[in-house]
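Worksheet for the structure shown next.
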Amino acid sequence: MLRITPEQRDFIHKYMECSDEVQSVVRSMFAVIESEDTTDDDRHRAFATIADALHLNPQEGHGLDFRKSQTEIATKHPDPAWRPIIADRQKQMDSQEATFADRVKTLLQQKNITQEELAERIDCTQSAVSKMLSRKSRPQRKTILKMATALNVEPTALWPDLEVASILDTTAEFASDRQLTAAQAEALDKALSRSPTRVKTRELPSRPGR
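First residue of the sequence shown: 2, per our numbering; consecutive thereafter.
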């Protein structure tokens, strides 16, 4: 019988809850990590992408601490020249994340909207909204856009620089920064063409009065 740790079980659950698109990105990043031709820099970025894509945050007691991971990348990167660049990017992200949380809280109060109502408007849970506003979880770009629509404001009113917010690094960004070798490209193609695992789900009943 296969034995897995609580952390591994949590990782699998988070992966299974993702959309096909996110699962595809995660599989492609594992292909990059496993490739013999991948550089240390690319491997660091691939790990960071997986951590971000699966929301592996420390608030529930297990999983990868993304903030710690980013700090370690900035301080222990094999190329010293990259360390201040990564640290500066992290500082920018932290500043914009704080601005985002403050502005959303202010708008919720001004518009008399609860976290539960906002969660329903953007199709997520109240817990997810709470974690974003307490800065325990970093919002994806698409979530910022949904929130802006729900609150009837411009996206930049919530997150001033959406370009800096390359939150959840995508495969497209990864590829644009570096030229993939033939071996890496082949590994990506294989990963992306692999059919995602599906689980049976059932539709939940509507809430009374909805």
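Ideal Cβ positions, reconstructed from N, Cα and C, are used throughout, including at glycine.
If you're wondering where the values come from, they're calculated on a predicted model, not measured in any experiment.
Hey, how far is the Cα of residue i from the Cα of residue j?
{"i": "K147", "j": "A99", "result": "18 Å"}
{"i": "N113", "j": "D103", "result": "15 Å"}
{"i": "P156", "j": "D162", "result": "9 Å"}
{"i": "N153", "j": "K143", "result": "15 Å"}
{"i": "S167", "j": "S36", "result": "Low confidence applies to S167: its pLDDT is 45, below 50, so where it sits in the model is not reliable enough to give any reading."}
{"i": "K132", "j": "S138", "result": "5 Å"}
{"i": "D124", "j": "A151", "result": "10 Å"}
{"i": "P85", "j": "Q91", "result": "10 Å"}
{"i": "E8", "j": "I51", "result": "15 Å"}
{"i": "E117", "j": "D43", "result": "39 Å"}
{"i": "A82", "j": "D11", "result": "35 Å"}
{"i": "D95", "j": "L134", "result": "13 Å"}
{"i": "T172", "j": "V23", "result": "Here T172 scores only 41 on pLDDT, less than 50, and its place in the model is too uncertain to base an answer on."}
{"i": "A49", "j": "I145", "result": "20 Å"}
For residue i, count neighbouring C-beta atoms within 10 Å of its own C-beta (all shown protein chains included) and say buried if the count is 16 or more, exposed if not.
{"i": "R28", "result": "buried"}
{"i": "H45", "result": "buried"}
{"i": "I5", "result": "exposed"}
{"i": "I13", "result": "exposed"}
{"i": "P140", "result": "buried"}
{"i": "T39", "result": "buried"}
{"i": "A149", "result": "buried"}
Thinking C-beta only, is residue j closer than 8 Å to residue i?
{"i": "V105", "j": "L159", "result": "yes"}
{"i": "A120", "j": "Q127", "result": "yes"}
Please tell me whether residue i has its Cβ less than 8 Å away from any Cβ of chain E.
{"i": "D41", "result": "Although the question refers to chain E, the structure presented lacks it and comprises just one protein chain."}
Residues in its own chain within less than 8 Å of residue i by CB, not counting five upstream and five downstream?
{"i": "R136", "result": "E98, A99, A102"}
Tell me which same chain residues have a C-beta within less than 7 Å of the C-beta of residue i, skipping the five on either side of it?
{"i": "A47", "result": "M30, V33, I34"}
{"i": "R122", "result": "A151"}
If you drop the 5 nearest sequence neighbours on each side, which residues of the same chain put their C-beta closer than 6 Å to that of residue i?
{"i": "A129", "result": "none"}
{"i": "K15", "result": "L55"}
{"i": "L108", "result": "L152"}
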